[in-house]
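Structure record follows, encoded as structure tokens.
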Amino acid sequence: RRDIDRLSEIPFATAVFDEAQAFKNPNARRTRAARQLDAGFRLALTGTPIENHTGELWSLFSVIAPGLLGSWEQFRTRFANPIERGDDERRASLGPLMRPFLLRRLKSQVASELPARTEIVLPIQLSEAEMTLYNQVRMASLTALADPALLSEHQRRFQVLAAITRLRQLACNPQLYDPDSVLPSAKMTRLRTLIGGLKEEGHRTLIFSQFTRHLQLARDTLAADGVAYCYLDGSTAPAKRQSEVERFQAGEGDVFFISLKAGGTGLNLTSATYVVHLDPWWNPSVEDQATDRAHRIGQRQPVTVYRLVSRGTIEESILELHAEKRQLVSSLLDGSGKAATLTADALVNLIEESGQAFQRAAQDEDGPEE
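Counted from 1, the sequence shown has number 43 at position 51 by the numbering used here; the numbering is strictly sequential.
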């Protein structure tokens, strides 16, 4: 991105793009720069070729096989829009078009010697005060989103995503929503119990979160409990990043706190046998990439993955989306199934559905009627 003026003057025989999901935005500077390279052969490597929608595939192929999928307008008219409307014929025709240029290998095929991986969802019951605050913010968000002044789909989508972020924060820790909040976090309490038990048994753990502030709160809380740690987020300098990895691999630290965005790729942390996701992210493949920091070639012990999910909140709805996101990848890469993006209305439905889950969780907490 910084050196493209010089690099574009060099005729390369081959260009290999690792972690090519970085090209999912066709207008990003790095994507535009990659298109300018003069290379006789191009190869892209990625574990997550699709994270959200079909347009990401077009962007990736615009770098490695320019013209294969036509211009963006052509692709959107011919494939993206019809597929997202449920056109099975257009969907079925996209897979065969890409297949000659695609080698898809599943982890189970190329790393069959890996030890077992067990995934466990730990449901967290928020306190009555936490659930009340969550529901108040949810209702206020729905009221604001019903404002007829929000006419633009783009504007409405932005507002909905902001509301969902606030609810996700409340599902994790009230202090993420309000730094001055004195409400205890049920999820933090459960994390302390979990890590305390793992530490006593001699296990070492990777802890991921999408929210850097959530990681910091967890770090400070566990450190007060006497838990030794390593830490990495997007602000960590490259040299410090490497030294933290080396420390942990050498046996220092009971846990390694890692932000999902900064540490989801490029790290080998096989000295850990447990992984904890503090909050679910939209796309399961991104979480899988993070989990693979421990469950990868070189790992000799079984790996256990815990997902902490607050009951009756937007987190449960996000977890339900994971199955749809996995289908999105398979449908486009295999040429079967259905893929679609989430509209603003669909996102609002997630907020409404979390209210229904809130009521169910409250009823479960009260217990069955006599």
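Each residue gets a CB set at the ideal place from its N, CA and C atoms; glycine is no exception.
Taking only three categories from DSSP, how would you classify residue i?
i	result
residue 343	helix
residue 276	helix
residue 138	coil
residue 240	helix
residue 2	coil
residue 271	coil
residue -5	coil
residue 10	strand
residue 174	coil
residue 302	strand
residue 115	strand
residue 330	In this prediction, residue 330 has a pLDDT of 38, which is less than 50 and means its spatial position is unreliable; nothing more can be read from the coordinates.
residue 191	helix
residue 259	coil
residue 283	helix
residue 230	helix
residue 43	coil
residue 60	coil
residue 104	coil
residue 310	helix
residue 21	helix
residue 179	helix
residue 184	helix
residue 168	helix
residue 70	helix
residue 97	coil
residue 27	helix
Would a C-beta distance cut-off of 8 Å place residue i and residue j closer than the cut-off?
i	j	result
residue 337	residue 160	no
residue 301	residue 114	yes
residue 30	residue 74	no
residue 46	residue 11	no
residue 263	residue 241	yes
residue 60	residue 93	yes
residue 295	residue 197	no
residue 155	residue -4	no
residue 238	residue 220	no
residue 164	residue 195	no
residue 13	residue 41	yes
residue 233	residue 224	yes
residue 56	residue 34	yes
residue 130	residue 346	yes
residue 299	residue 117	no
residue 340	residue 110	no
residue 121	residue 175	yes
residue 36	residue 71	no
residue 288	residue 260	yes
residue 214	residue 184	yes
Using DSSP bridges, identify the partner residues of residue i.
i	result
residue 109	295
residue 363	The structure shown does not extend to residue 363, since the chain is modelled only from -7 to 362, so the question has no answer here.
residue 266	197 and 296
Locate the alpha helix (DSSP H) running through residue i, then write down its first and last residues.
i	result
residue 35	No alpha helix (DSSP H) contains residue 35, which is instead part of the beta strand (DSSP E) from 30 to 37.
residue 56	47 to 56
residue 74	73 to 76
residue 81	80 to 90
residue 212	204 to 216
residue 163	145 to 164
residue 67	64 to 67
Quick one: is residue i near chain C, going by C-beta distance under 8 Å?
i	result
residue 117	Annotation note: the requested chain C is absent from the structure, which comprises a single protein chain.
How far does the beta strand (DSSP E) with residue i in it reach, from first residue to last?
i	result
residue 201	197 to 201
residue 251	247 to 251
residue 224	221 to 224
**Item:** the region 193 to 209 in contact with the region 266 to 283 per 3-pair CB rule at 8 Å
**Value:** yes
**Prompt:** Using 8 Å as the threshold, is the region 279 to 289 in touch with the region 249 to 258, meaning 3 or more CB pairs across them?
**Reply:** yes
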